[in-house]
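Per this note's numbering, residue 950 is the first one in the sequence shown, and the count goes up by one each step.
One structure is given here, and the rest of the page talks about it.
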Amino acid sequence: MDNRDRILFIMVGGVMALLTIIVLGDFWISLKENRPIDDDVVQLLQMSITGLIGIIGGYFGSKNVDNKE
């Protein structure tokens, strides 16, 4: 595992952990206050996962180019 692999792993893992904390916190507050889930949190989750998929796809795409050279 080289440095680029480690950086990607730490970045994706950190963002996923942060999103998990935010979403579970909002769900917990919504449950306690008997209110609907905040739409902004759901939108944040959707946009963040889309971005992570793009980052991971770009990583694997560049890894294939490196292997061909």
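Don't be surprised by glycine CBs; every beta carbon is placed ideally from N, CA and C.
Since the structure is predicted, the reported quantities are computational estimates derived from the model, not experimental observations.
Terminal residues of the alpha helix (DSSP H) in which residue i lies
i, result
"residue 954", "952 to 982"
CB of residue i within 8 Å of CB of residue j, strictly
i, j, result
"residue 1008", "residue 957", "yes"
"residue 961", "residue 994", "no"
Backbone CA spacing between residue i and residue j [nearest angstrom]
i, j, result
"residue 963", "residue 987", "22 Å"
"residue 998", "residue 991", "11 Å"
"residue 953", "residue 1003", "16 Å"
"residue 985", "residue 1013", "44 Å"
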